[in-house]
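**Student:** Quick one: structure below, then a few questions.
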Amino acid sequence: MEHMTEHPRPAGQDSYSISEVVAFTGLTAHTLRWYERIGLMPHVDRSHTGQRRFSNRDLDWLAFVGKLRLTGMPVADMVRYAELLREGESTFEARQELLEATRRDVISRIAELHDTLAVLDHKIDFYAGARRAPERHSA
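The numbering of the sequence shown is UniProt numbering, which starts it at 1 and goes up by one.
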């Protein structure tokens, strides 16, 4: 799989209960079940008693989904990406286009945050100067 490993896990282990995945990821059991229901994690294994068993590959996928969430990518686009991934190599171009569009959105948000940071820095400098020269007060 093309995703980064991020969650700590015991060496040599490749089968985790939902409670272990909750502890590793900080996601709720409800969220994990929802991801499965909407097709974001469609092939979670089950134990002989029917309990979900997550693999290291599942944890890697969840780490990637977490990064996609941080980008602000809509859940529908994440599900679409997961569908494309399952369809195989013939969807490389569509996956690349989806990720490139998300990257453009992230770059735009970073630029907005830089502008916001500049405004905050300006105000902080103003107040630092105002404390040194109390006779100047505005804004």
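Beta carbons are placed, not taken as given, at the ideal position from N, Cα and C, and that holds for glycine.
Quick one: using the 10 Å Cβ neighbour count with 16 as the cut-off for buried, is F54 buried or exposed?
**Tutor:** Residue mapping note: residue 54 aligns to position 54 of the sequence shown, counting from 1. So F54 counts as buried.
**Student:** Answer with buried or exposed for F64, where buried requires no fewer than 16 other C-beta atoms within 10 angstroms of its C-beta.
**Tutor:** For the purposes of this step, residue 64 is taken as residue 64 along the sequence shown, with counting starting at 1. Per the 10 Å Cβ criterion, buried.
**Student:** Using C-beta distances below 8 Å, list every residue in its chain close to H30, excluding the 5 sequence neighbours before and after it, in chain order.
**Tutor:** Residue mapping note: residue 30 aligns to position 30 of the sequence shown, counting from 1. Closer than 8 Å at Cβ, skipping near neighbours: no residue.
**Student:** Check whether the region 15-33 touches the region 44-53, counting contact only when three or more Cβ pairs, one atom from each stretch, lie closer than 8 Å.
**Tutor:** Result yes; three or more Cβ-Cβ pairs closer than 8 Å.
**Student:** Quick check: the Cα distance between A94 and P74, rounded to an integer number of angstroms?
**Tutor:** The residue given as residue 94 occupies position 94 in the sequence shown. The residue given as residue 74 occupies position 74 in the sequence shown. Going by the C-alpha atoms only, they are around 16 Å apart.
**Student:** Determine the direct distance from the alpha carbon of A23 to that of Q51, and round the result to whole angstroms.
**Tutor:** What you label residue 51 is simply residue 51 of the sequence shown in a count that begins at 1. What you label residue 23 is simply residue 23 of the sequence shown in a count that begins at 1. C-alpha separation (whole angstroms): 17 Å.
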